[in-house]
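Residue numbers (our numbering): 1437 to 1569.
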């Protein structure tokens, strides 16, 4: 009778140890607590709304805005652009919707394309105004 109790206790302990390790390896199906959204006026970068207006590139995936021809400008300093190259940039910029400007700037950054100073200032102004709104 004593052996039966000892074997039962050992079996229960063994089942408990196995269950413990299995629960550590499998992801919990319980819903995780949502992180609070910061409301201090600064973007935390963790939400789609923040990322839409953020100028920081978080991915290497390139999103084109019907501007594939601008890839030819990669690596060229803005001071070395010809008039026709500046016109290409302006044509794309002035046809963008306001909400697409930040994404376009991220796309240019990923593609190593720099804007001329005047055009960059206009683009940053639009992004800044959208953040305030």
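Glycine included, C-beta positions come from ideal geometry on N, C-alpha and C.
A buried status is given to residue 1537, since no fewer than 16 other beta-carbon atoms sit within 10 Å of its beta-carbon.
Residue 1499 and residue 1543 do touch by the CB rule: their CB atoms are close to 5 Å apart, below 8 Å.
Just measuring C-alpha positions, the residue of 1525, 1510, 1524, 1517 sitting nearest residue 1548 is 1510. The DSSP-derived three-state label of residue 1511 is coil. Note on geometry: alpha-carbon atoms of residue 1497 and residue 1513 lie some 23 Å from one another.
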